[in-house]
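**Q**
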Amino acid sequence: MSIDGTEDLLGLISGPFSSSYISPPSESAELAALMCGLIALYAVIRIILEQDVMRKLPFLNVFSFAVSGIMALLIPHPLGIIAAATYFIGSTFESNAIASTWAGGVEE
Numbered sequence: 756m757s758i759d760g761t762e763d764l765l766g767l768i769s770g771p772f773s774s775s776y777i778s779p780p781s782e783s784a785e786l787a788a789l790m791c792g793l794i795a796l797y798a799v800i801r802i803i804l805e806q807d808v809m810r811k812l813p814f815l816n817v818f819s820f821a822v823s824g825i826m827a828l829l830i831p832h833p834l835g836i837i838a839a840a841t842y843f844i845g846s847t848f849e850s851n852a853i854a855s856t857w858a859g860g861v862e863e
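All residue numbers for the sequence shown refer to my numbering, where the first residue is 756 and numbers rise by one.
1) Can you tell me whether A795 is buried or exposed? The criterion is at least 16 other CB atoms within 10 Å of its CB, across all chains shown.
2) Out of L834, I800, S850 and S783, point me to the one whose CA is closest to S819's CA.
3) Leaving out five residues before and five after W857 in sequence, what residues of the same chain have Cβ atoms less than 8 Å from its Cβ?
4) Would L815 and A784 qualify as a contact pair, given that the criterion is a beta-carbon distance under 8 Å?
5) Helix, strand or coil: how does DSSP classify G845 here?
6) Under 8 Å by Cβ, that's how I've got A821 and A798 pegged, so tell me the actual separation to the nearest angstrom.
7) For A840, is the classification buried or exposed, using 16 other Cβ atoms within 10 angstroms of its Cβ as the cut-off for buried?
8) Identify, in the order they occur along the chain, each residue of the same chain with its Cβ nearer than 6 Å to the Cβ of V817, setting aside the five sequence neighbours on each side.
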């Protein structure tokens, strides 16, 4: 089977990139995802090494933002943006709840 025949065969198989509306991530998206990964790794290292809980929270936010950025960049589907936004909003609520609890909660 020639290479052209293989490409034709692969064109008939449905897959995540078979739609004309969905294209695979470009090299710039992969580079941006790598940068987000490095930022997330730095945030995790700071979370592990930091002793004060209140100083860990900003790095927890950075980690959450990096993960949602990676999701948005690497999932080549419109629902990937929704998944990333949902993760971003949920992690923001979680971080705010933790910070509010450590700060003393709501004054009555």
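A virtual CB, placed ideally from N, CA and C, is assigned to each residue, including glycine.
From a predicted model like this one, the values you see are computed outputs, not experimental measurements.
**A** The structure says:
1) The residue you call residue 795 lines up with position 40 of the sequence shown. Classification of A795: buried, given that the 10 Å Cβ count is 16 or more.
2) Indexing the sequence shown from 1 puts residue 819 at position 64. Comparing Cα positions, the closest option is S850.
3) Numbered from 1 along the sequence shown, position 102 holds the residue referred to as residue 857. So the qualifying residues of the chain are V808, M809 and L812.
4) The residue given as residue 815 occupies position 60 in the sequence shown. The residue given as residue 784 occupies position 29 in the sequence shown. Cβ atoms of L815 and A784: not closer than 8 Å.
5) To locate residue 845, count along the sequence shown from 1; it is residue 90. G845 falls in the helix class under three-state DSSP.
6) For this step, residue 821 is matched to residue 66 along the sequence shown. For this step, residue 798 is matched to residue 43 along the sequence shown. At roughly 7 Å, the Cβ-Cβ gap stays under 8 Å, so A821 and A798 are in contact.
7) Numbered from its first residue, the sequence shown carries residue 840 at position 85. Under this definition A840 is an exposed residue.
8) Within the sequence shown, residue 817 is the residue found at index 62, counting from 1. So the list reads A798, once near-sequence residues are dropped.
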